[in-house]
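Here is the structure we will look at, set down as structure tokens.
Protein chains: 2
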Amino acid sequence: MRYELYYWPEIQGRGEFIRLALEEAGADYVDVARTKGGMSKMMRLMEEGARPPFAPPFLRAGKLVVAQTAMILFYLGGRHGLAPKDEAGRLWVHQCQLTVVDFLVEIHDTHHPIGSGLYYEDQKPEARHRAEDFRESRLPKFLGYFEDVLEHNSRGGCVGARLCYADLSLFQVVEGLGYAFAKAMARTKSRYPLLHALRDRVAARPRIKAYLASERRIPFNEQGIFRHYPELDG
Amino acid sequence: MRYELYYWPEIQGRGEFIRLALEEAGADYVDVARTKGGMSKMMRLMEEGARPPFAPPFLRAGKLVVAQTAMILFYLGGRHGLAPKDEAGRLWVHQCQLTVVDFLVEIHDTHHPIGSGLYYEDQKPEARHRAEDFRESRLPKFLGYFEDVLEHNSRGGCVGARLCYADLSLFQVVEGLGYAFAKAMARTKSRYPLLHALRDRVAARPRIKAYLASERRIPFNEQGIFRHYPELDG
């Protein structure tokens, strides 16, 4: 079965967390909105049926359409060996992923503290203020939490040596923060050795390495979650 | 088995979504932080073990500790008949709940657009600006989405006539918004008849009715997610 991924075609955004899992799994998938006519297909699907997605990303797997980043990964993880098989392990990895998703909202809101539908340029003073609080308070809280998780789990990934989808997501978070908050991340690198080591290990996995070098990987840009605005990097 | 719920003792907050499910299920549970010595027990548990919660609420069920509001409900829903049994149905209710959780972040951030650790009084102008965008853009987007979901599902709850935990959460959202954004909600009531009808049906269920009248139900206040600040209600 070929999966159909639906996500905005010009950004990594939340869709990237799904792309990384599909790539690592070697799954057969099409990134629909990046194909001809794909955007209108995506918009149509959002209006259809009794169980519509609230927003992209969503995934079509046969007759099933699943939305919400963390839930799509929960679904894929069980099917492609990217999560433990026991209930406690499956729930734990999902819990890690939900915490990643919470973190993403806060990362996004550093450049959009007033309204996601408004321009960055119309909320710059507020963004500076929020980004300062983020760098000083929220960034160390989330990174410190995940560093502890890795420490507790044999200094490997969220469940130890065996790769899970939340590890792929942590790669993307560290990578994205290194782009958006380059100075803040460089300054604090020594505090989070296990997160940076996990980032390096994921980047070196053959399928991920090939993906990152391909045209399928959209570069970071100032339309996504992780944006490099020097005035927010402090 | 008696469940142990861990959450801040003086607010409804995210814990309330779990309390409502436990109450409707008639489950045996203790709201630990509201008992003597419970707060320090909660703080200790957050520092323990290889799979610590990032934040309350979390639930102890025997040896298992699960965190993240939506995941706790996913776990409880399957055990207490508050979710469909088929995979597609279970995922769909979880998807609805994850969208509720996204909505909650935006509701919270109307009074805390700059930093969750800062005082409301220190971010009042930004809160006015964000609340205005929320009332005009995000509130109708989320409520309109859920109204459509109910419309598509036989005008009942998220999965039709059979109550699920996401319906209990929608009750709490409508109730909380009616407290926080009393004017905005009164003005738009006729646009969301199915959501308001669902709120009324849930409130009339015997166990929920008894719970709401009990001392276990903490009143809304200005420490939680739903806060009534007249200057934000427009």
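Sequence order for the protein chains is U and G. Quick note: the first sequence, position 118, residue 118 per the working numbering, numbers continuous. Every number in the working numbering is 1000 more than the matching position in the second sequence, counting from 1. Even glycine gets a Cβ: it sits at the ideal position worked out from N, Cα and C. Please read all numbers here as calculations on a predicted model, not as lab measurements.
Query	Result
DSSP state of Y145 (chain U), grouped into three classes?	helix
Anything in the region 1210–1228 of chain G with a Cβ closer than 8 Å to a Cβ of chain U? List those residues in chain order, please.	none
If I follow the unbroken alpha helix (DSSP H) through F1220 (chain G), where does it start and stop?	Looking at the DSSP string, F1220 (chain G) is not in any alpha helix (DSSP H), and its letter there is neither H nor E.
Closest to L5 (chain U) by C-alpha separation, out of U:V66, U:N153, U:E231 and U:D200, would be which residue?	U:V66
In chain order, which continuous runs of the alpha helix (DSSP H) of length 4 or greater are located wholly inside the region 5–75 of chain U?	15–25 and 38–47
Do the region 78–90 of chain U and the region 30–43 of chain U touch if we need at least three Cβ pairs shorter than 8 Å?	no
Under 9 Å between the Cβ atoms of G234 (chain U) and F181 (chain U)?	yes
Does the distance from the C-beta atom of I1011 (chain G) to that of T1069 (chain G) stay below 9 Å?	no
In the region 88–100 of chain U, which residues sit with their C-beta less than 7 Å from some C-beta in chain G, listed in chain order?	A88, L91, W92, H94, Q95, L98 and T99
Note down, in chain order, each residue of its chain lying with its Cβ closer than 7 Å to the Cβ of K209 (chain U), except the 5 sequence neighbours on either side.	A203
M1 (chain U) lies in the alpha helix (DSSP H); which residues open and close that run?	It is not in any alpha helix (DSSP H) - M1 (chain U) carries neither H nor E in the DSSP assignment.
Counting Cβ pairs closer than 8 Å, one from the region 1205–1225 of chain G and one from the region 218–234 of chain U, do we hit at least three?	no
Does DSSP classify G1157 (chain G) as helix, strand or coil?	strand
Taking 7 Å as the limit between beta carbons, can you name the residues of its chain near G13 (chain U), skipping five residues before and five after?	Y7, G224 and I225
Can you list, in chain order, the residues of its chain with a C-beta nearer than 7 Å to that of V101 (chain U)? Leave out the 5 residues immediately preceding and following it.	T69 and A70
With a threshold of 9 Å between beta-carbons, can G117 (chain U) be considered close to chain G, or not?	yes
Between the Cα of G15 (chain U) and the Cα atoms of U:L139, U:I218, U:G157 and U:H228, which residue gives the shortest distance?	U:I218
Report all residues from its chain with a CB closer than 6 Å to the CB of R1130 (chain G); omit the five preceding and five following residues, and keep chain order.	T1110 and P1113
Under a Cβ-count criterion, where at least 16 other Cβ atoms within 10 Å of its own Cβ denotes burial, should M1185 (chain G) be classed as buried or exposed?	buried
Could you tell me whether the Cβ of Y1145 (chain G) comes closer than 9 Å to any Cβ of chain U?	yes
Could you tell me whether the Cβ of S40 (chain U) comes closer than 9 Å to any Cβ of chain G?	no
What separation, rounded to the nearest whole angstrom, lies between the Cα atoms of L1104 (chain G) and L1177 (chain G)?	10 Å
How would you list, in chain order, the residues of chain G whose beta-carbon sits under 7 Å from the beta-carbon of M71 (chain U)?	L1091, H1094, Q1095 and L1098
Can you give the beta carbon distance from A21 (chain U) to L64 (chain U), rounded, assuming they're within the 8 Å contact cut?	So it is not a contact: roughly 16 Å between Cβ atoms.
Can you tell which of G:S1190, G:P1206 and G:Y1179 has the C-alpha that lies nearest to the C-alpha of F1220 (chain G)?	G:Y1179
Looking at R1138 (chain G): is its Cβ nearer than 9 Å to the Cβ of G160 (chain U)?	no
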